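Some notes on the structure that comes next.
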Amino acid sequence: MFMACSTVAAMAEPSATRQKELIHLVRQDCGACHGMTLNGGLGPALSPEALVGKPAESLVATIISGRPGTPMPPWRPFLTDSEAKWIVDSLLAGFPE
Numbered sequence: 000m001f002m003a004c005s006t007v008a009a010m011a012e013p014s015a016t017r018q019k020e021l022i023h024l025v026r027q028d029c030g031a032c033h034g035m036t037l038n039g040g041l042g043p044a045l046s047p048e049a050l051v052g053k054p055a056e057s058l059v060a061t062i063i064s065g066r067p068g069t070p071m072p073p074w075r076p077f078l079t080d081s082e083a084k085w086i087v088d089s090l091l092a093g094f095p096e
């Protein structure tokens, strides 16, 4: 089950090595649907502009649990809640190269 935002926010950031792995995962795996530049494709754009007004905790929940009835899979087998939070924070700030 998804943790409350305050709990997720209190978790430690992934290590520098894991951050590089997460960047690769987002660029390759998420990019397969959301576009290699994350500006949209089968899935919606993941740019900061596209995510304005969307609560971070909802975005984390979508990454962790997926969206039933859509192509968005649950990433829980591959990511922790804190890693999903790091991805969301990174997307909102402008995802690194």
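Each step along the sequence shown adds one to the number in numbering that gives the first Met the number 0, with nothing skipped, and position 70 is 69.
Note that the Cβ used here is the ideal one computed from N, Cα and C, for glycine as well.
Small disclaimer: the values here were computed from a predicted structure and weren't measured.
Between Trp85, Arg26 and Gly65, which lies nearest to Pro76 when the distance is taken from Cα to Cα? On the sequence shown, residue 76 is found 77 positions in, with the first residue counted as 1. That would be Gly65, whose Cα lies nearest to the Cα of Pro76.
In whole angstroms, give me the CA-to-CA distance for Leu58 and Thr16. Position 59 of the sequence shown holds residue 58. Position 17 of the sequence shown holds residue 16. Taking the straight line joining both Cα atoms gives about 23 Å.
DSSP state of Trp74 mapped onto helix, strand, coil: Reading the sequence shown from its first residue, position 75 is the one you call residue 74. Reduced to three states, the DSSP call for Trp74 is coil.
Would you mind working out which of Leu90, Thr36 and Leu78 sits nearest Pro54, comparing C-alpha positions? For the purposes of this step, residue 54 is taken as the residue at position 55 of the sequence shown. When each option's Cα is compared against that of Pro54, the closest is Leu90.
Roughly how many angstroms separate the alpha carbons of Trp85 and Trp74, rounded to a whole number? On the sequence shown, position 86 is the one that residue 85 refers to. On the sequence shown, position 75 is the one that residue 74 refers to. Separation of Trp85 and Trp74 (C-alpha to C-alpha, rounded to the nearest whole angstrom) is 14 Å.
Supposed close pair Val25, Phe94 - CB separation, criterion 8 Å: What you label residue 25 is simply residue 26 of the sequence shown in a count that begins at 1. What you label residue 94 is simply residue 95 of the sequence shown in a count that begins at 1. Confirmed, about 7 Å.
Mind checking which residues open and close the alpha helix (DSSP H) that includes Ala83? Within the sequence shown, residue 83 is the residue found at index 84, counting from 1. Where Ala83 is concerned, the enclosing alpha helix (DSSP H) stretches over Asp80 to Ala92.
Whole-number beta carbon distance between Pro70 and Gly30, since they are thought to touch under 8 Å: As a working note, residue 30 is residue 31 in the sequence shown. As a working note, residue 70 is residue 71 in the sequence shown. Not really, about 14 Å apart at Cβ, beyond 8 Å.
For Ser64, does the three-state DSSP call read helix, strand or coil? Against the sequence shown, residue 64 aligns to sequence position 65. Helix, per DSSP.
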